[in-house]
Ligand SMILES: Cc1cc2nc3c(=O)[nH]c(=O)nc-3n(C[C@H](O)[C@H](O)[C@H](O)COP(=O)(O)OP(=O)(O)OC[C@H]3O[C@@H](n4cnc5c(N)ncnc54)[C@H](O)[C@@H]3O)c2cc1C
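Residue numbers (my numbering): 36 to 417.
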């Protein structure tokens, strides 16, 4: 009999887990996403080091590389737009601050969805509102009123995971703020950037613009000082007002960006934060990706963690047969050191929301993404 798995969240961690489970026999997978469709937006996410090796094993290398942004590099600029220093995508073997495998987050989510839509059932516009664990199953009630029973439930629903809140307790117990709030939105490529990113940092504040999609479009990022308690995560107008207020006096292109913020089709705002939990599973419920161990966008490792975690979780579940507890323990044991390294990195690299000269120094010294790795276990896959 198949193991019925419910995955909550269809961004990156959810769909890549669906893909990894489909590489083994015996899983019947449903993915539920709270939003009414795949969520677009965000800037680019990266795969570095072991993540690059993993996509080859998962048969996704070619598709992901074909969808990469092909950005050539990034310049830090002062408030008048003068270049202070630059990083190339080829630096540090492609694992540097601008990674060789860099893909727009929305594109990666769509690619993973397309890859797995025939292997898992996707349901959009719904979410779990009640979850009861029994010795041999989990009984779930959805917001739509649907009631179902699963063998296992995976919370792949991000830093502010509703699954985690239901089973482990409130966000405040697990989410650690790093002191910055970040907004991502689309803008025209008015600077005519050619596969390039510009970054302007001023202590506690940062702004960046990069061209995307063959330079036809651009995306912007603005980071300001702040913590989760400063805003309501469902009040977009309030978030924009906060960005305006806290960027006052920032030079460079920031006033122009603020003028474009309201016209943006896609606006995404979140805390630069991390998730720290003593355990990633409780009974038949397990957490994956940002819900379990978000290392903050500044680590550049969120997608690596989601991919590697999904690969290991699926592999251990397949190996353990009915013993999901053994699988969950092994998954956590194999991932913990790697995650701890990424979280240290995420906290350290939150510092470059500082003077660009300082940012350059940090990036050189800490070699983003390359200071630690993880040995990928071998699993027998189909
Ligand atoms: C719109 C968006 C833009 C992003 N932009 C960037 C970026 O530019 N740079 C960066 O480094 N990181 C970005 N991230 C975060 C990045 O995707 C993650 O750090 C990483 O890839 C791990 O992904 P994840 O799937 O664990 O979490 P997330 O990507 O946060 O995805 C969680 C998913 O779960 C869904 N969800 C939430 N609650 C529930 C629920 N109760 N039930 C079901 N589904 C639920 C959310 O709608 C979302 O689709 C972004 C995330 C989102 C959602």
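Beta carbons: idealized from backbone N, C-alpha and C, even for Gly.
Owing to the predicted nature of the structure, the values given are computational and were not obtained by experimental measurement.
beta-carbon residue i near ligand 1 non-hydrogen atom, thresh 6 Å
i: residue 46; result: yes
i: residue 192; result: yes
i: residue 40; result: no
i: residue 152; result: no
i: residue 219; result: yes
i: residue 282; result: no
i: residue 55; result: no
i: residue 80; result: yes
i: residue 85; result: no
i: residue 140; result: yes
i: residue 373; result: no
i: residue 385; result: no
i: residue 332; result: yes
i: residue 225; result: no
i: residue 320; result: no
i: residue 77; result: yes
i: residue 70; result: yes
i: residue 43; result: yes
i: residue 11; result: This structure cannot settle anything about residue 11, because the visible part of the chain is limited to 36 through 417.
i: residue 64; result: no
i: residue 268; result: no
Close-in-space but distant-in-sequence residues of the same chain around residue i (CB under 6 Å, 5 per side omitted)
i: residue 188; result: 41, 173, 320
i: residue 316; result: 363
i: residue 286; result: 114
i: residue 410; result: none
i: residue 303; result: 76, 77, 219
i: residue 39; result: 63, 185, 186
i: residue 155; result: 53, 64, 66
i: residue 168; result: 318, 319
i: residue 357; result: none
i: residue 3; result: Summary: the structure shown does not reach residue 3, with the chain confined to residues 36 through 417, and so no result is reported for it.
Local conformation of residue i per DSSP, three classes
i: residue 151; result: helix
i: residue 132; result: coil
i: residue 218; result: strand
i: residue 309; result: strand
i: residue 45; result: coil
i: residue 257; result: strand
i: residue 304; result: strand
i: residue 120; result: strand
i: residue 340; result: helix
i: residue 166; result: strand
i: residue 172; result: coil
i: residue 225; result: coil
i: residue 40; result: strand
i: residue 287; result: coil
i: residue 425; result: Since the first residue of the chain shown is 36 and the last is 417, residue 425 is not available in this structure.
i: residue 178; result: coil
i: residue 105; result: coil
Supposed close pair residue i, residue j - CB separation, criterion 8 Å
i: residue 8; j: residue 63; result: The chain is shown from 36 up to 417; residue 8 falls before or after that span and cannot be answered.
i: residue 47; j: residue 338; result: 6 Å
i: residue 289; j: residue 58; result: Rounded, the Cβ-Cβ distance is 46 Å, inconsistent with contact.
i: residue 263; j: residue 306; result: 5 Å
i: residue 244; j: residue 259; result: About 16 Å separates the two Cβ atoms, so there is no contact after all.
i: residue 328; j: residue 374; result: 4 Å
i: residue 61; j: residue 37; result: 5 Å
i: residue 414; j: residue 353; result: 7 Å
i: residue 211; j: residue 311; result: 6 Å
i: residue 70; j: residue 140; result: With a Cβ gap of about 14 Å, residue 70 and residue 140 do not count as contacting.
i: residue 279; j: residue 292; result: Rounded, the Cβ-Cβ distance is 10 Å, inconsistent with contact.
Residues near residue i by beta carbon distance below 8 Å, same chain, minus five either side
i: residue 250; result: 224, 227, 228, 229, 230
i: residue 298; result: none
i: residue 253; result: 221, 222, 223, 224, 225, 226, 228, 244, 245, 246, 247
i: residue 355; result: 361, 362, 365
i: residue 390; result: Because the pLDDT at residue 390 is just 44, under 50, the model does not fix this residue reliably, and the value given afterwards should be weighed accordingly. For residue 390, where only same-chain residues beyond five positions count, the Cβ hits under 8 Å are 236, 237, 238.
i: residue 181; result: 161
Contacts around residue i, its chain only, beta-carbon distance under 7 Å, and the 5 residues preceding and following it disregarded
i: residue 206; result: 195, 200
i: residue 72; result: 159
i: residue 351; result: 362, 365, 366
i: residue 324; result: 47, 48, 191, 340, 341, 344
i: residue 369; result: 347, 412
i: residue 81; result: 134, 136, 137, 335, 338
i: residue 267; result: 273
i: residue 392; result: With a pLDDT of 48 at residue 392, under the threshold of 50, the predicted position of this residue should be treated as unreliable, and no value is reported.
Residue-chain proximity (residue i, chain C), Cβ-Cβ < 7 Å
i: residue 296; result: Chain labels in this structure do not include chain C; a single protein chain is all it has.
(request) Take every Cβ of the region 326-341, pair it with every Cβ of the region 159-179, and state whether three or more of those distances are shorter than 8 Å. (result) no
(request) Check whether the region 355-369 touches the region 230-243, counting contact only when three or more Cβ pairs, one atom from each stretch, lie closer than 8 Å. (result) no
(message) For the pair the region 143-155 and the region 92-103, tell me if three or more CB-CB distances fall below 8 Å.
(response) yes
(message) I want to know whether the region 210-221 touches the region 176-187 - three or more CB-CB distances under 8 Å.
(response) no
(message) Contact between the region 130-139 and the region 103-111 is defined here as three or more beta-carbon pairs at a separation below 8 Å; is this criterion met?
(response) yes
(request) Decide if the region 49-60 is in contact with the region 345-353; the criterion is three or more beta carbon pairs, one per stretch, under 8 Å apart. (result) yes
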